[in-house]
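Below is one structure, written out as structure tokens; the observations come after it.
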Amino acid sequence: MSDLLPGVTGVLVLADGTVLQGVGCGATGSAVGEVCFNTAMTGYQEILTDPSYMAQVVAFTFPHVGNVGVNSEDIEQVAGDSTTAARGAIFRDAPTPPANWRSESDLGAWMARRGVIGLSGVDTRALTRRIREEGMPHAVIAHDPEGRFDLDALRRQAAEWSGLVGLDLARDATCRQAFTWEEGLYGWPEGYARPAQDRCEVVVMDFGVKRNILRALASLGAKVTVVPASTSAEDILARKPHGVMLSNGPGDPAATGDYAVPEIRKLVASGVPVFGICLGHQMLALALGARTEKMEQGHHGANHPVKDLTTGKVEIVSMNHGFTVSRDSLPEGVVETHVSLFDGTNAGIALSGRPVFSVQHHPEASPGPTDSLYLFRRFADLMEAARA
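Start counting the sequence shown at 38; every next residue gets the next number (my numbering).
The structure is reproduced here in structure tokens:
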């Protein structure tokens, strides 16, 4: 207690013992995770409900958060509960009251209901620089309105946490049974559209899928069936899909790949078109013989430049990943199709002569740039060609 300033009701305790003090918001209690920063200026609700952030604490680099409130429509999570998304959030300023016609609640109250612990009053610029220079730290975020914290215990908890390497988090983030999806992309002023007429059938392997991926597929005219991450290739192919989507999700791709990669290999061998996004991209790469690695800072934000090497076009994309596909490990026949212009890391692959491809970024981005929505059209074209 003597180490804290008066009025402190929230702390972030790093594994090296550093304590960042501020004002708590959202849920009370504590949560351990990996701290990353996100550079998006909008979309905090979508970010905090993205299953890819499971076991992570998100530091927002944009200082003003909360002004659009939250609503029941802009949740990205499909399966699981609130523990299978972000566990904490860090803000420069305290969340502001909502002032938006779609708002149904203020951010702090919504975070409290979801069990997301918040901390404001932190120098997020300094924290971001630290992550950029030293990597994403393990930490405990804690909120107590009375300001009572056992800092030594929190330090031990942060230091003893195993981290994301080796963790199969998709097993918790996935759905428990198969279901169909019937909602298209958002349009003004109608809202989320009804799906277009069924032109093809897509099975989505759910490793922590986001709603907008399913909406983008439905808007193309796909009949979308979502299946659990552990579903066998035989069961998927028995549904006679025209294409298979490998979704985004949390955790270490190599750990999830223990049971998913052999099934992905069978899907590729079947000749059915396959499209992977984020974690799905990484596991497709593993299935094709490549290797994944943990990143120091990761990529989190809605303003990342990526170059499509097949067209020469540079697009601004949304990214959210802490692992990457090693370019040097790509085997013969696997072509790099996209590259990050921030750090040169791999952002997409394709299997030569086969209708199989994937990207590291999020073409469904909601909110975020729509530069990469063409990838869903590319997937649809591959399915139509395969049917012909």
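Positions of the beta carbon are idealized from the N, C-alpha and C atoms, including for glycine. If you're wondering where the values come from, they're calculated on a predicted model, not measured in any experiment.
{"query": "Distance, Gly349 Cα to Asp205 Cα", "result": "36 Å"}
{"query": "7 Å CB neighbourhood of Ile273 in its chain, flanking five on each side removed", "result": "Val240, Val264, Val281, Leu304"}
{"query": "Pick from Thr55, Thr79, Val60, Asp289 that is closest to Val45, judged by C-alpha positions", "result": "Val60"}
{"query": "Phe416 versus Glu369, Trp218, Ile301, Ala253, residue with shortest Cα-Cα distance", "result": "Ala253"}
{"query": "Minimum Cβ-Cβ distance from Ala190 to chain C less than 9 Å", "result": "Judged by its chain identifiers, the structure shown contains no chain C, having just a single protein chain."}
{"query": "Proximal residues to Ala122 (C-beta, below 7 Å), its chain only, five neighbours per side dropped", "result": "Leu85, Thr86, Asp87, Pro88, Tyr90, Met91, Gln114"}
{"query": "Cα-Cα separation, Arg124 to Leu191", "result": "16 Å"}
{"query": "Span of the beta strand (DSSP E) around Asn75", "result": "66–75"}
{"query": "Member of Leu51, Ala96, Ala64, Pro182 whose CA lies at the smallest distance from the CA of Pro43", "result": "Pro182"}
{"query": "For Lys260, three-class secondary structure by DSSP", "result": "strand"}
{"query": "Status (buried if at least 16 other CB within 10 Å, exposed otherwise) for Gly54", "result": "exposed"}
{"query": "Classification of Ser109 by the beta-carbon crowding that lies within 10 angstroms, buried from 16 upward", "result": "exposed"}
{"query": "Residue environment, Trp147, which counts as buried when at least 16 other CB atoms sit within 10 Å", "result": "buried"}
{"query": "Residue(s) in a DSSP beta bridge with Asp345", "result": "His375"}
{"query": "Bridge partner(s) assigned by DSSP for Val94", "result": "Val72, Gly125"}
{"query": "Rounded separation between Ile334 and Trp225 - CA only", "result": "The sequence shown places Gln at residue 334, rather than the Ile named in the question. For Gln334 and Trp225, the distance between alpha carbons rounds to 36 Å."}
{"query": "Beta-carbon proximity check, Leu316 vs Pro287, cutoff 9 Å", "result": "yes"}
{"query": "Nearest-angstrom Cα separation, counted from Thr262 out to Glu215", "result": "Before going on, a small fix: residue 215 reads as Ala here, not Glu. Each residue's Cα considered, the two are about 7 Å apart."}
{"query": "Contact test: Val60 Cβ vs the ligand GTP heavy atom, cutoff 8 Å", "result": "The ligand content of the structure shown is nil, which means the ligand GTP is not present either."}
{"query": "Distance between Leu51 and Arg193 (C-alpha atoms, nearest Å)", "result": "10 Å"}
{"query": "8 Å CB neighbourhood of Tyr411 in its chain, flanking five on each side removed", "result": "Pro400"}
{"query": "Cut-off 8 Å between Cβ atoms - residues of its own chain near Glu71, not counting five sequence neighbours on either side", "result": "Ala92, Gln93, Val94, Met173, Pro174, His175, Ala176, Gly200, Leu201, Gly359"}
{"query": "Within 9 Å, strictly: CB atoms of Ile127 and Leu49", "result": "yes"}
{"query": "Where the beta strand (DSSP E) through Asp243 begins and ends", "result": "237–243"}
{"query": "DSSP state of Ser307 mapped onto helix, strand, coil", "result": "helix"}
{"query": "Val298 beta carbon less than 9 Å from that of Leu323", "result": "yes"}
{"query": "Extent of the continuous beta strand (DSSP E) to which Glu352 belongs", "result": "351–362"}
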